[in-house]
Amino acid sequence: MEQNTNRPVRRANYRNASPTKKRRTFSSSSFNSGFKNNQRGNHKNRPHSDGKFSNFKTGYRNRSNSGRNGARKIPTFDPSQFINTNPIETNEEVYVPKHKFTDFGLERKLVTAVLNNKLTSPSPIQDQIIPLILEGRDVIGLAQTGTGKTAAFLLPLIHKTLKEYSRQTLILTPTRELALQIQEELRKFTVGNKIYSTVCVGGTNIRPQIQGLRRKNHFIIGTPGRVLDLIERGHLKPQYLRTVVLDEADRMLDMGFIHDMRKILEDIPSDHETLFFSATMSKDIEKLVNDFLNDPVTISVRKKDVTNSIFQDVVRYHHHDKFKTLTDLLVGEEFKRVLIFGAMKHSVEKLSQELNSAGIKSDAIHGNKSHGQRQAALKRFKSGNARVLVATDVAARGIHVDNVSHVINYDLPNTFEDYVHRIGRTGRGKEKGTALTFIQNT
């Protein structure tokens, strides 16, 4: 019998799943094996499996493997291995925190700020890492976005700063947007406490950042290239840093910051505390950890803890109907706030324009847009003025938006790690989300 292709997605009854007793989750073995088999440095451009995805096409088969000249890298992501479209029914495992926020011994005014920001109980990574940071341990946090890792390191560091007002912390991030997000969260927890911070990022005027460093700062948040530049110019004094946080370290390595990161860490006194956060652990990251962390404690939020809040499926399309397949999906009422990932800057911009022409309010963020343009687009997306945001992987690193109902991989991610980072934009905290990946029919 000929298969009905009127609906592009094979809809599982995920909308009818009970939110309290049983729900659809995915076999953790496939994600664990994918994590091991797809660490950077071990990628091979191998044929895809002989399963039902074996003949899919990416639309970029003859492109150069250089990401810097505008061409797309050859994907090593194998959908047949990581997207489980036949989930099994299992009892949901709910993490039970060992602590309340009042149990950590945090300053009373900090606890009040936490509760005022509607954080009722610690997430798994907060519950496990906050006590370690308070003890002064070096920490490796293996966690994806949306797990509460920013508050996991900010809260104990704010507490230490309130106890020791001369304390200074450096937070390294891969992008400007993420640096600003961290500063925004820092301000939420330090209202009225005279905790000062400055953001030092590339792509913007360096003079205001130099002026900012001349004032008292407890937290310096920046991208590795700009931070190293300011150190070499003598405006940022590494000898005064007590703690260094490397947030989304795997992304910083992907973006070519490894040498800058090493030089920064080499300039900082050896008795500093290092907090290291990454969604994945590659050989390069392991070497960095071994070289610069002192007897670290590793806390890993298991894949299942994160992915059980995200329903994953594929969308089959014919090459000439790809855009129509997308718009047919987006008219659905359940697609309330949608983040779409594209492969290249020009294709992301074009897709956003086409969606607007089709009557679907959309914005785009990518490397060809200025910092101000990206911030304006993100603001419209957060406010609901744009229901859809189309982004490249790099530009999306600073996106921390609640209640993203769907992530759509309109173009395939390059690697499993990219897939993990993408889908982590939905299903954040206690929310449920859906991740759909477009696969071309042969």
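Last residue of the sequence shown: 670 (the numbering used here), numbering continuous.
Even glycine gets a Cβ: it sits at the ideal position worked out from N, Cα and C.
Whose CA, out of the options, lies closest to the CA of residue i?
i: Y647; options: H599, Q540, V566, H548; result: Q540
i: Q467; options: I513, Q439, I496; result: I496
i: V576; options: F563, V342, I636; result: I636
i: A380; options: L557, P359, R443, E363; result: P359
i: V525; options: I513, L503, T508; result: L503
i: D591; options: S598, G600, A604, H599; result: A604
i: R443; options: G430, S394, E413; result: S394
i: V529; options: F520, V542, M509; result: M509
i: K346; options: G376, D621, L370; result: G376
i: H446; options: E405, L406, I386; result: I386
i: R461; options: D478, G484, I492; result: I492
i: M572; options: L557, V618, F563; result: V618
i: N584; options: G595, V419, A614; result: A614
i: R479; options: S349, G333, R404; result: R404
i: Q354; options: L382, L338, E335; result: L382
So for residue i, helix, strand or coil by DSSP?
i: V324; result: coil
i: S580; result: helix
i: F569; result: strand
i: S506; result: strand
i: G440; result: helix
i: G655; result: coil
i: T553; result: helix
i: F281; result: The predicted position of F281 is uncertain, since its pLDDT is 36 and thus under 50; no value can be drawn from it.
i: R454; result: helix
i: I627; result: coil
i: I496; result: coil
i: A477; result: helix
i: L521; result: coil
i: H387; result: helix
i: K346; result: coil
i: G600; result: helix
i: I588; result: coil
i: G484; result: coil
i: Y647; result: helix
Where DSSP assigns a beta bridge to residue i, which residues make up the other side?
i: L398; result: I448, V472
i: E501; result: T471
i: N637; result: F569, T665
i: A619; result: F569, I593
i: T426; result: I448
i: L606; result: Per DSSP, none; premise fails for L606.
i: F723; result: With the chain covering only 229 through 670, there is no way to say anything about residue 723.
i: G369; result: F505, I527
i: Y545; result: Q668
Would you decide whether residue i is buried or exposed? Buried here means 16 or more other CB atoms lie within 10 Å of its CB.
i: R656; result: buried
i: H546; result: exposed
i: R671; result: Outside the shown range of the chain, which is 229 to 670, sits residue 671, and nothing can be said about it.
i: L606; result: buried
i: N228; result: This structure gives no information on residue 228, because the portion of the chain shown stretches from 229 to 670.
i: E412; result: exposed
i: S506; result: buried
i: Q581; result: exposed
i: R602; result: buried
i: T330; result: exposed
i: K531; result: Its pLDDT being 48, under 50, K531 is placed unreliably by the model, and nothing is read from it.
i: H634; result: buried
i: L343; result: exposed
i: T670; result: exposed
i: G333; result: exposed
i: G470; result: Inspection of the sequence shows that residue 470 is occupied by Arg rather than by Gly. Buried, by the Cβ-count rule.
i: V632; result: buried
i: H594; result: buried
i: H649; result: buried
i: L398; result: buried
Tell me which same chain residues have a C-beta within less than 7 Å of the C-beta of residue i, skipping the five on either side of it?
i: D533; result: Confidence at D533 is low in this model, with a pLDDT of 48, below 50, so the placement of that residue is unreliable and no value is reported for it.
i: G364; result: E501
i: K610; result: V629
i: H548; result: none
i: A623; result: I593, H594, G595, R602
i: F551; result: E582
Check whether chain B comes within 8 Å of residue i, counting only Cβ atoms and requiring the distance to be less than that.
i: L557; result: The chain labelled as chain B is not found in the depicted structure, where only one protein chain is given.
Might you give, ordered along the chain, the residues of its own chain that have their beta carbon closer than 6 Å to the beta carbon of residue i, omitting 5 neighbours on each side?
i: G438; result: The amino acid occupying residue 438 in the given sequence is Ile; Gly does not appear at that position. Cβ neighbours of I438 beyond the five flanking positions: H463.
i: A341; result: F417
i: K660; result: S537
i: L664; result: D541, V543, I636
i: Q356; result: I527
Go through its chain and collect everything with a Cβ distance to residue i's Cβ below 8 Å, but skip five positions before and after it.
i: G612; result: R565
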